[in-house]
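Peer 1:
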Amino acid sequence: MQRLQRVSLGEQALMIVRQAIVSGQIGPNEIYSASALATRLGVSNSPVREAMLTLVNQGIMEPVRNRGFRIVPISEHDLDEIGEMRRMLEIPGVVALIERARDEDIEALRPVAEEIDTAARSGDVSAFLEADRRFHLDLLALGGNGRLVKTVAQLRDQTRLYGVSTLAEQGTLQQTAPEHFEILDSLLARDAAAVERVMARHLDHIRGEWAGEAPDSAPAASTASSAPAAPTVQADRPAVGTP
Numbered sequence: 000m001q002r003l004q005r006v007s008l009g010e011q012a013l014m015i016v017r018q019a020i021v022s023g024q025i026g027p028n029e030i031y032s033a034s035a036l037a038t039r040l041g042v043s044n045s046p047v048r049e050a051m052l053t054l055v056n057q058g059i060m061e062p063v064r065n066r067g068f069r070i071v072p073i074s075e076h077d078l079d080e081i082g083e084m085r086r087m088l089e090i091p092g093v094v095a096l097i098e099r100a101r102d103e104d105i106e107a108l109r110p111v112a113e114e115i116d117t118a119a120r121s122g123d124v125s126a127f128l129e130a131d132r133r134f135h136l137d138l139l140a141l142g143g144n145g146r147l148v149k150t151v152a153q154l155r156d157q158t159r160l161y162g163v164s165t166l167a168e169q170g171t172l173q174q175t176a177p178e179h180f181e182i183l184d185s186l187l188a189r190d191a192a193a194v195e196r197v198m199a200r201h202l203d204h205i206r207g208e209w210a211g212e213a214p215d216s217a218p219a220a221s222t223a224s225s226a227p228a229a230p231t232v233q234a235d236r237p238a239v240g241t242p
């Protein structure tokens, strides 16, 4: 039981740190120590360090000797490449579900789309990003290609949605949330052209409206002493997830 509890804490820490990175709460201009993040999350250093090392292996963070970790800088060119790769992988991957996925499996994702819509209406960025990530990865998983799902997950994590909090305040998330229902309805109608069209529009929003422009990527001179606000990780209650 103790072993499972530690794994759970590590997974929760990874979800929270990843979400903070994707939403821009953890930025590229500061160095973050595992101990400072652990203190803010209310856990020991071990699960947070484990989470940060996982992100290092994924190319999202990099270690700074004797100081901590920082975000790997990302440029406009990087964002363009990630967006292009996502279109190349996700659009045909979802279109293929017309032949591979059963109606009941597609329909099972509707409650997740409703979570996205509810979060968008309430301006809950954390819940929106977590549900959106779950929706798209679970949708792709219906095709049975685990490597595709893993690759897309890594591409999603590498995208820094710098303006997403502002967009939530402006109500922009409410405009994109219904597209998840459109994706499901187009798949259920077995309409390949409609699926391709809505997926392309959806991914264009992420690169165009959400990502904005990459900020200055020069690292700051001092180590950040505290982490961005985040839910406390507790062993008996799941923490908010990540996109």
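Numbering (numbering that gives the first Met the number 0), first residue to last: 0 to 242. Glycine included, each C-beta is placed from N, C-alpha and C at the ideal position. Just so it is clear, the structure is predicted and the values come from calculations on it, not from any experiment.
1) Between which two residues does the beta strand (DSSP E) harbouring I70 extend?
2) Please report how far the alpha carbon of M259 lies from the alpha carbon of L96, in whole angstroms.
3) Using three-state DSSP, classify E262 as helix, strand or coil.
4) For the pair the region 143-158 and the region 101-117, tell me if three or more CB-CB distances fall below 8 Å.
5) Compute the Euclidean distance between the alpha carbons of L78 and A188, then round it to the nearest angstrom.
6) Let's test the definition: count the other Cβ atoms within 10 Å of the Cβ of S221 and tell me whether it reaches 16, buried, or not, exposed.
7) So, at 7 Å on beta carbons, what are the nonlocal neighbours of H67 in its own chain, with the 5 sequence-adjacent residues on each side left out?
8) Return yes when the Cβ of A176 is within less than 8 Å of the Cβ of A119, no when it is not.
9) Could you check the C-alpha separation between E83 and S121 for me, to the nearest Å?
Peer 2: Once the coordinates are examined:
1) G67 to I70
2) Nothing can be reported for residue 259: it is not among the residues displayed for the chain, which extend from 0 to 242.
3) There is no way to answer for residue 262, as the model of the chain reaches only from 0 to 242.
4) no
5) 33 Å
6) Legend: pLDDT at S221 = 39, less than 50; position of this residue unreliable, value from coordinates given subsequently. Exposed is the call here.
7) One detail in the question is off: residue 67 reads as Gly in this sequence, not His. If we look at G67 and ignore the five residues flanking it on each side, its Cβ neighbours are I30, Y31, S32, A33 and T222.
8) yes
9) 31 Å
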